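One structure below.
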Amino acid sequence: MLTKKCIVCDNSNLKRIIELGFHPLADTFLNKEQLLLPLNTYPLNCLLCKNCGHVQNEYFTPGDERYVESNYSYTSFNSEAAKKHWLEFFDSVSKYTHVEPTDHIIEFGSNDGYLLTHFKKKRIEVTGIDPSPVMVREARKIGVDSIEGFVGKDTIATAVRKKGMAKIIIGNNVVNHIENLKEAMSGIKSGLKNDGYFIFEVPSLKATVGKYLFDMVFHEHISTFSVRSADTMLKRYGLYITHVESINYHGGSLRIISTPDASAYNASLVKKHVEAEESMKIFNQKTYVAFMAKIIKDKNDVLAKVYSLKKKGKKIAAIGAGARSNTLLNFYRLDNTVIEFVSDASKHKIGKYTPGSLIPIKNDASLQAEDIDVALITAWNIGKYLTEKIRKINDTIEFIVPGEKDLL
Ligand SMILES: [Zn+2]
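Structure (structure tokens):
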């Protein structure tokens, strides 16, 4: 579905700022049988709302296709970095909200239930909400009570009926996946105590623009929030920001804490963040002309390097099979005729294929076993960390990191 209105403020003064071509869903890895079936692709463009500064995709793919039918493969338990991050989140949120054992916490987009296990250990009542039947099953296996569905009035009401109004509702890296914000936000507001908190993390527009993270754009990420657009959204549904901070997760995110109590609104902190966003000109259309020019230049530099190495007979593998690397591979038009395989540590992904580019996913040890000469780092913003890790597996390997100045 093509969108005509801003999902935060309903304004229709939207300008197209980012164009990445046609892409399949980024987080749906394919099994061998699916390689013989048709694959839906959709235009991947972003729009900037001239009224509230929100950035959203121009085309919304069907929600059921994204999470219910798909073999959505991300789990928190997969990743050490994710586990460390959620432990820090648990510590700081517990302190900030003074949550107690009689309280009820609801998390939507609760995935495999990992974050809620920390609160559960403190004897706090928890409920997870997630649309993926696979993830709900995983969460229940470890004792995290979970409801299958999207966040909204019905799912929140079900959770509240069972365990009471929530002291905290959490939605990390999921508010940016929601197209019907009205249904989600009204549901959240209806289930929250007056002295409760709605807390969420989302990748930030400031980091996306400032670090040229074009690969944070994919169909599952419907929105890219700024503090300005998040503040607009929350106020619309009767929630007020008490705290906001920039955190170093997913290349740069926002952690936003809000409450139904209007008197707790932290206007000066919101103002400070919005001014920083404005000084980076992220609400200015011209900024994105330079953004597109830079990412297209990087793409052409990488392709020139890749094909000159291919001509010399070098074997090239890509490192990291994430949703982001699929945006990169599909935007760069790199596929299984150029890249031998993508290496990844996740057992949920090894043996599958990348959507669109159809590259097999293998373990990191294959970089050595299959005599790979060159590694293309797709998670290029953590290029330094990954090059050091890969060197330990194969010390003769050469690296291509998109965006690096000495590429050619
Ligand atoms: Zn707007």
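At position 275 of the sequence shown the residue is numbered 265 (the working numbering), and the sequence of numbers has no breaks. Beta carbons are placed, not taken as given, at the ideal position from N, Cα and C, and that holds for glycine. This one's a predicted model, so the numbers in the text were calculated from it and none came from an experiment.
Inset, instruction - Output the distance between the C-alpha atoms of residue 108 and residue 204, rounded to the nearest integer angstrom. - result: 33 Å
Legend entry - For residue 134 and residue 106, the rounded distance between their alpha carbons: 7 Å
Legend entry - Distance, residue 314 Cα to residue 391 Cα: 14 Å
Legend entry - Three CB pairs or more closer than 8 Å across the stretch 116 to 125 and the stretch 208 to 228: no
Inset, instruction - Could you tell me the boundaries of the beta strand (DSSP E) in which residue 308 lies? - result: 306 to 309
Inset, instruction - Quick one: residues with CB closer than 6 Å to any heavy atom of ligand 1, in chain order, please. - result: -4, -2, -1, 1, 39, 41, 42, 44
Legend entry - Inter-residue Cα distance where the pair is residue 151 and residue 144: 10 Å
Legend entry - Coil, strand or helix - residue 126 by DSSP: Correct three-state label for residue 126: helix.
Legend entry - Minimum C-alpha distance to residue 164 - residue among 180, 342, 277, 214: 214
Inset, instruction - Might you give, ordered along the chain, the residues of its own chain that have their beta carbon closer than 7 Å to the beta carbon of residue 384, omitting 5 neighbours on each side? - result: 357, 358, 362
Inset, instruction - Specify the secondary structure class of residue 248 as computed by DSSP and reduced to three states. - result: strand
Inset, instruction - Going by CA-CA distance only, name the one from 318, 309, 316 that's closest to residue 377. - result: 309
Inset, instruction - Measure the Cβ-Cβ separation of residue 20 and residue 342 and say whether it is below 8 Å. - result: Taking C-beta atoms as the reference points, residue 20 and residue 342 count as a pair closer than 8 Å.
Legend entry - Helix, strand or coil at residue 342 according to DSSP, with G and I counted as helix: coil
Inset, instruction - Could you tell me whether the Cβ atoms of residue 51 and residue 211 are closer together than 8 Å? - result: no
Legend entry - Nearest-angstrom beta carbon gap, residue 126 and residue 435 [assumed within contact, 8 Å]: Nothing can be reported for residue 435: it is not among the residues displayed for the chain, which extend from -9 to 398.
Legend entry - Stretch pair the stretch 265 to 277 + the stretch 179 to 190: three plus CB contacts closer than 8 Å: no
Legend entry - DSSP beta-bridge partners of residue 118: DSSP output for residue 118 lists 97, 136 as bridge partner(s).
Legend entry - Where the beta strand (DSSP E) containing residue 233 begins and where it ends: 230 to 237
Inset, instruction - Counting only runs of 4+ residues fully inside the stretch 1 to 43, write out the alpha helix (DSSP H) ranges in chain order. - result: Entirely contained in the stretch 1 to 43, not one alpha helix (DSSP H) run reaches 4 residues.
Legend entry - Reference residue 131; option with closest CA among 101, -8, 11: Measuring from the Cα of residue 131, the nearest candidate turns out to be 101.
Inset, instruction - Using only alpha-carbon positions, find the residue among 318, 327, 347 that is nearest to residue 370. - result: 318
Legend entry - Secondary structure, beta strand (DSSP E): runs of 3+ residues fully inside the stretch 308 to 375: 364 to 367
Legend entry - Inter-residue spacing [alpha-carbon to alpha-carbon] between residue 272 and residue 194: 11 Å
Inset, instruction - Just mark residue 77 as buried or exposed, buried being the case when its beta carbon has 16 or more other beta carbons within 10 Å. - result: exposed
Legend entry - Same chain only: Cβ atoms within 7 Å of residue 200, ignoring 5 sequence neighbours per side: 270
Inset, instruction - State buried or exposed for residue -9, treating a residue as buried only when at least 16 other CB atoms are found within 10 Å of its CB. - result: exposed
Inset, instruction - With DSSP as the reference, label residue 199 as helix, strand or coil. - result: helix
Inset, instruction - Would you be able to state if there are at least three C-beta pairs under 8 Å between the stretch 273 to 284 and the stretch 330 to 341? - result: no
Inset, instruction - Please work out which residues of its chain come closer than 8 Å, Cβ to Cβ, to residue 1, disregarding the five sequence neighbours upstream and downstream, and give them in chain order. - result: -5, 39, 40, 41, 42
Inset, instruction - Compute the distance between the beta-carbons of residue 380 and residue 387, then report whether it is under 8 Å. - result: yes
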